[in-house]
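Visitor: In the working numbering, the protein residues as written are 5 to 378.
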Ligand SMILES: *Cc1c(COP(=O)(O)O)cnc(C)c1O
């Protein structure tokens, strides 16, 4: 059976052992005589899956008891609204705009209160993360001026291939982070955040599950806005173990398998080391190339999404199509950026990255002389 080298940005590659496990259990899960898709979400067989999934995630990320863990639906996109509805108590929050999704999050927040842009990377076409000193200073200024309910960042910018190398210091203001594309790629210090959320389809499981990790005191009084739909009320969801209604049972089950796989692979420190190795192999080719150049500023480079281009759209298209013929799929850049993007999440093996590096070198040799403009 031929499986492709999968560089899709999301939905993305899943670990082969997880898929095999799921396949083996599809007709008869653990002797219950049915699949996970077919059992009640209230059945002890599913509750056991749910509780184990949460426990494994807590273990991987060292999530303190003061934080609730939710497995919801609607993607990161629905959480853009949910976080504002749950947390905008004074009606004023700060956003750092470091790319597409952080801007969408801010625009969504602006529907429910004042969403201040604290800093933006727009002037660099989002090739750089706004300077930490500027963000920190702006947070302090706005917190003193009118107060901030939270500061929102997108920690890894999937489309542009940039990643925060250090978190902003927000003082007493809770830091809320969309970590969709770096969740489980590296350890996170959960206590630095008020809320962390991630769509599972990048690195943690199939599409349709969103993980929300929320410090309980922030939601202990219920959502900030009375109009918050019951489904988006994080406190209710926490009290009901994400089962205010029927959750994505099968998706949660697959996430649990991915968490266990990450644990078996050595946990998040091991994942980070593997991911840094894969990323550095690609950046090394890019930095020594006359044809390809990187999109992100080197100091802000992502270890999950590697963006690059020849600066010639026809050549970029040719590379993506040659790669697909060789079994390397998902390398086309996002329409906002163009060029190429290799998403090298946890389940993308080093051998796939080696294959991509080899192909880049071959392509460059073939096109020697057609060099990039930088
Ligand atoms: C993919 C992605 C989103 C959008 O996620 P959905 O689950 O499709 O809503 C938001 N933020 C980041 C960082 C992403 O990578």
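Don't be surprised by glycine CBs; every beta carbon is placed ideally from N, CA and C. If you're wondering where the values come from, they're calculated on a predicted model, not measured in any experiment.
(1) For ligand 1, I want to know if residue 281 counts as a neighbour, meaning its beta carbon is within less than 7 Å of at least one of the ligand's heavy atoms.
(2) Tell me which same chain residues have a C-beta within less than 8 Å of the C-beta of residue 143, skipping the five on either side of it?
(3) Can you tell me whether residue 281 is buried or exposed? The criterion is at least 16 other CB atoms within 10 Å of its CB, across all chains shown.
(4) So what does DSSP say about residue 309, is it helix, strand or coil?
(5) Can you list, in chain order, the residues of its chain with a C-beta nearer than 7 Å to that of residue 79? Leave out the 5 residues immediately preceding and following it.
(6) Quick check on the contact list: which residues have their beta carbon closer than 6 Å to a heavy atom of ligand 1?
(7) Taking all protein chains shown into account, decide if residue 355 is buried (16 or more other Cβ within 10 angstroms of its Cβ) or exposed.
(8) Does residue 111 pass the burial test, meaning 16 or more other C-beta atoms within 10 Å, or should it be called exposed?
(9) Take residue 83 as the anchor and find which of 96, 113, 101 and 339 has the nearest alpha-carbon.
(10) In terms of residue numbering, what span does the alpha helix (DSSP H) encompassing residue 263 cover?
(11) Residues in the same chain with beta-carbon distance under 7 Å from residue 264, minus the five sequence neighbours each way, listed in chain order, please.
(12) With DSSP collapsed to three states, give me the class of residue 31.
(13) Is residue 53 closer than 8 Å to residue 304 when the C-beta atoms are compared?
(14) Leaving out five residues before and five after residue 212 in sequence, what residues of the same chain have Cβ atoms less than 7 Å from its Cβ?
(15) Hey, quick one: how far does the alpha helix (DSSP H) through residue 240 stretch, first residue to last?
(16) Taking 8 Å as the cut-off, does the stretch 337 to 350 touch the stretch 309 to 319 (at least 3 CB pairs, one atom from each stretch)?
(17) Assuming residue 130 contacts residue 161 (C-beta within less than 8 Å), just tell me the rounded distance between them.
(18) Could you give the first and the last residue of the continuous alpha helix (DSSP H) run that contains residue 54?
(19) Could you give the distance in angstroms between the alpha-carbon of residue 258 and the alpha-carbon of residue 148?
(20) For the 8 Å Cβ check, are there 3 or more pairs between the stretch 216 to 234 and the stretch 69 to 76?
(21) If you draw a straight line from the alpha carbon of residue 8 to that of residue 34, how long is it in whole angstroms?
(22) Please classify residue 185 as buried or exposed, where buried requires at least 16 neighbouring CB atoms within 10 angstroms.
(23) Does DSSP classify residue 104 as helix, strand or coil?
(24) Go through its chain and collect everything with a Cβ distance to residue 239's Cβ below 6 Å, but skip five positions before and after it.
(25) For residue 90, does the three-state DSSP call read helix, strand or coil?
(26) Restricting to Cα atoms, I'd like to know which of 67, 17, 21 and 93 is closest to residue 269.
(27) Cutting at 7 Å between CB atoms, please list the residues of its own chain near residue 338, excluding the five before and the five after it.
(28) Consult DSSP for residue 75 and reduce its assignment to one of helix, strand or coil.
(29) Tell me where the beta strand (DSSP E) around residue 118 begins and ends.
(30) Residue 43 lies in the beta strand (DSSP E); which residues open and close that run?
(31) Output yes or no for whether 8 Å exceeds the beta carbon distance between residue 170 and residue 200.
(32) Sorted by chain position, which residues of the same chain lie with C-beta nearer than 7 Å to residue 321's C-beta, five sequence neighbours on each side aside?
(33) Taking the C-alpha atoms as reference points, what is the distance between residue 127 and residue 357?
(34) What do you get for residue 139, buried or exposed, if any count of 16 or more other CB atoms within 10 angstroms of its CB means buried?
(35) Ends of the beta strand (DSSP E) at residue 246?
Guide: In short:
(1) no
(2) 98, 122, 152, 155, 172, 173, 174, 175 and 177
(3) exposed
(4) strand
(5) 203 and 214
(6) 14, 79, 80, 81, 105, 158, 162, 182, 184, 185, 203 and 206
(7) exposed
(8) Residue burial annotation: residue 111 is exposed, with fewer than 16 other C-beta atoms found within 10 angstroms of its C-beta.
(9) 113
(10) 253 to 268
(11) 60
(12) coil
(13) Contact flag unset, no.
(14) Closer than 7 Å at Cβ, skipping near neighbours: 77, 252 and 255.
(15) 238 to 243
(16) yes
(17) 7 Å
(18) 48 to 65
(19) 45 Å
(20) Contact between the stretch 216 to 234 and the stretch 69 to 76 is present: 3 or more CB-CB pairs across the two stretches fall below 8 Å.
(21) 30 Å
(22) So residue 185 counts as buried.
(23) helix
(24) 223 and 226
(25) Three-state DSSP puts residue 90 in a helix.
(26) 21
(27) 163 and 345
(28) strand
(29) From DSSP, the beta strand (DSSP E) with residue 118 extends over 118 to 124.
(30) Element bounds for residue 43: n/a, residue is neither H nor E.
(31) no
(32) If we look at residue 321 and ignore the five residues flanking it on each side, it has no Cβ neighbours.
(33) 31 Å
(34) Buried, by the Cβ-count rule.
(35) Neither: residue 246 is in no beta strand (DSSP E) and is coded neither H nor E.
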